[in-house]
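Chains as they are written, first to last, in the working numbering: chain A, 1 to 168; chain B, 1001 to 1168.
All residues carry an ideal CB built from backbone N, CA and C; glycine is no exception.
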DNA sequence: TATTGTTATACTCTATAACTATA
DNA sequence: TATAGTTATAGAGTATAACAATA
C-alpha cells in the first residue's frame, strides 16, 4: 500500500518530502527525538531525568540492590556517565552507595525509602508523558503500536528481552 | 492490556526494567536512536547523510529549485547547519547555488542531473535500511506501524502533514 | 529596521582513555 | 595482570548569536 497524496503540485512549500514521510525509519527517528525532548522536559520539573528513572526502576525491580556495573550494563549506560547520575541521586538521598565487603572494588547501590517515593513521582510523570504523546491513539491502537515496537526492540534493543517470543 | 512477564524473580540481571519496556515512549526513544545510528552508518558508505537525502528529495519533489530558507523551514533544519550541508552537496556538484536576481539576499538552490543520480542512490540506501530495520515485521505489520507512526507524527511532527486526516 | 545567508562561538553529549584501589 | 569505579579529556553535534549584504 503506497501512500499517495491528493495533489502533487509543482511546489511543495513547507512540507517534508513524501518519500521521507513514507518511511517508517524516518518517522521513528523524528518521533524518537520528539519523545526524548518531551520526556526530558517533563522529568526536569521533578529535577531528574529519564536516566534517573531507569536507575531507580531497576533497583526497585531487581531486589533493591545492584552493583554499578550491573546497573550500567542492564540499562545500556556508559559506566562513566552512571557515576554522575548516581552522584545526583545520592545527593538527594534517593540511593546509597557502600563498598561490597566481599569485593572491595565494587559499590553496592541501594534504593532508599525516599528513593522509592521519588520513583513513584517519576512514574506519574512517565504516565503523563505517555498519555500526552499517544493522545491521538485509542486503547486498541496503543496496544497495537506497543506490540509492534516490542517486536522491533527484540532485534534492535535486545536488552528489552520482554514477552515477545524470540525468532518467529 | 498490561504486559506481564512470566517470572518476577528477585534478581533481574541484565534486563531493562519492565516498567520501561512497557512504555511506548521509552521504546520510541530507544528505537529512534537505533534507527538514526543505522541510517547514518548506511548513508556514510555513500559519503553522505540522511540530511543530504532530505535536501535532495525536497528539491526533486518541489520543482527542483528552492531558496535556502524554504529548504531549512520545510525540513526543520537550522539555517546555519544547512549552509554546511549545501557546501558539501555543491562540492560534489549535486546542487548549484545562485543569487536570486529578484531579491539578491536570497540564494536559489537547484538540483543538478548528478544530484538526481545521487538521490537515486540514496533512495536505494534508504530502502535497504528500511528493509533491514523492519525485517521482523511482515507487510501487514509494516503498514499498521506506518499508519500509527503517521498518526503520531501529525501532532508531534506537523511538517509531515501527510495523508492522515487532521483531528478525528 | 528587518531579512538572507554566512561565520564564529559556546554549550551539551558522548566516547575514550587515564587513574586508583582493589583483586 | 585484570577489574570496578572514578575522573579528565577530546570529539561530535547542536544551538546561539554576531556579521555582511540587501531589502
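Could you tell me which chain A residues have their CB closer than 8 Å to the CB of residue i, listed as they occur along the chain?
i: residue 1094 (chain B); result: Correct list: empty, because the minimum Cβ distance to chain A is about 16 Å.
i: residue 1159 (chain B); result: 14, 15, 16
i: residue 1107 (chain B); result: Under the 8 Å cutoff, chain A gives no residues; its nearest Cβ is about 17 Å from residue 1107 (chain B).
i: residue 1155 (chain B); result: 135, 136
Pick from the options: whose alpha carbon is nearest that of residue i?
i: residue 1049 (chain B); options: B:1029, B:1061, B:1108, B:1085; result: B:1085
i: residue 135 (chain A); options: B:1040, B:1148, B:1139, B:1082; result: B:1148
i: residue 32 (chain A); options: B:1034, B:1028, B:1096; result: B:1028
i: residue 1113 (chain B); options: B:1140, B:1151, B:1150, B:1060; result: B:1060
i: residue 111 (chain A); options: A:51, A:65, A:40; result: A:65
i: residue 1103 (chain B); options: B:1115, B:1068, B:1076; result: B:1068
i: residue 1118 (chain B); options: B:1090, B:1132, B:1133; result: B:1090
i: residue 1160 (chain B); options: B:1083, B:1138, B:1142, B:1076; result: B:1076
i: residue 88 (chain A); options: A:52, A:156, A:39, A:36; result: A:52
i: residue 1039 (chain B); options: B:1058, B:1126, B:1020; result: B:1126
i: residue 36 (chain A); options: B:1026, B:1020, B:1058; result: B:1026
i: residue 151 (chain A); options: B:1152, B:1150, B:1141; result: B:1141
i: residue 1020 (chain B); options: A:97, A:58, A:79; result: A:58
How about residue i and residue j: do their beta carbons lie closer than 8 Å?
i: residue 130 (chain A); j: residue 1024 (chain B); result: yes
i: residue 74 (chain A); j: residue 1124 (chain B); result: no
i: residue 46 (chain A); j: residue 122 (chain A); result: yes
i: residue 1017 (chain B); j: residue 63 (chain A); result: no
i: residue 1156 (chain B); j: residue 34 (chain A); result: yes
i: residue 128 (chain A); j: residue 42 (chain A); result: yes
Going along chain B in order, which residues have a C-beta closer than 9 Å to the C-beta of residue i?
i: residue 45 (chain A); result: Those do not exist, as residue 45 (chain A) stays about 16 Å from chain B at its closest Cβ, beyond 9 Å.
i: residue 123 (chain A); result: 1019
If you drop the 5 nearest sequence neighbours on each side, which residues of the same chain put their C-beta closer than 8 Å to that of residue i?
i: residue 99 (chain A); result: 106, 107, 108
i: residue 137 (chain A); result: 145
i: residue 78 (chain A); result: 72
i: residue 101 (chain A); result: none
i: residue 96 (chain A); result: 90, 109, 110, 112
Just to confirm my understanding: we take residue i, look at its own chain, exclude 5 residues before and 5 after, and list those with CB closer than 7 Å. What are they?
i: residue 56 (chain A); result: 94, 111, 115, 118, 119, 122
i: residue 1009 (chain B); result: Caution applies to residue 1009 (chain B), whose pLDDT of 32 falls short of 50 and renders its modelled position unreliable; the model cannot decide the point.
i: residue 1133 (chain B); result: 1035, 1038
i: residue 1082 (chain B); result: 1068, 1071, 1072
Can you pull the chain B neighbours of residue i, defined as C-beta to C-beta under 7 Å?
i: residue 25 (chain A); result: 1035, 1039, 1129, 1130, 1133
Which chain B residues sit within Cβ distance under 8 Å of residue i?
i: residue 32 (chain A); result: 1028, 1029, 1030, 1031, 1032, 1033, 1035, 1036
For residue i, which residues of its own chain have a beta-carbon under 6 Å away from its beta-carbon, when the five flanking residues on both sides are left out?
i: residue 158 (chain A); result: none
i: residue 166 (chain A); result: Only weak support is given to the placement of residue 166 (chain A): the predicted model assigns it a pLDDT of 43, under 50, and the question is left unresolved by the model.
i: residue 1030 (chain B); result: none
i: residue 1210 (chain B); result: Nothing can be reported for residue 1210 (chain B), as the shown portion of chain B is limited to 1001 through 1168.
i: residue 92 (chain A); result: none
Listing by chain order, which chain A residues have their CB less than 9 Å from the CB of residue i?
i: residue 1126 (chain B); result: 19, 20, 23, 25, 26
Examine the ligand MG and report whether any of its heavy atoms sits within less than 7 Å of the Cβ of residue i.
i: residue 25 (chain A); result: In terms of ligand content, the structure shown is empty, and the ligand MG therefore cannot be addressed.
Checklist entry - Which residues, taken in chain order from the region 1136-1153 of chain B, show a beta carbon closer than 8 Å to some beta carbon of chain A? => result 1136, 1137, 1141, 1142, 1143, 1144, 1145, 1146, 1148, 1149, 1150, 1151, 1152, 1153
Checklist entry - What residues in the region 1035-1065 of chain B bring their beta carbon closer than 8 Å to a beta carbon of chain A? => result 1035, 1036, 1038, 1039, 1050, 1053, 1054, 1057, 1058, 1060, 1061, 1062, 1063
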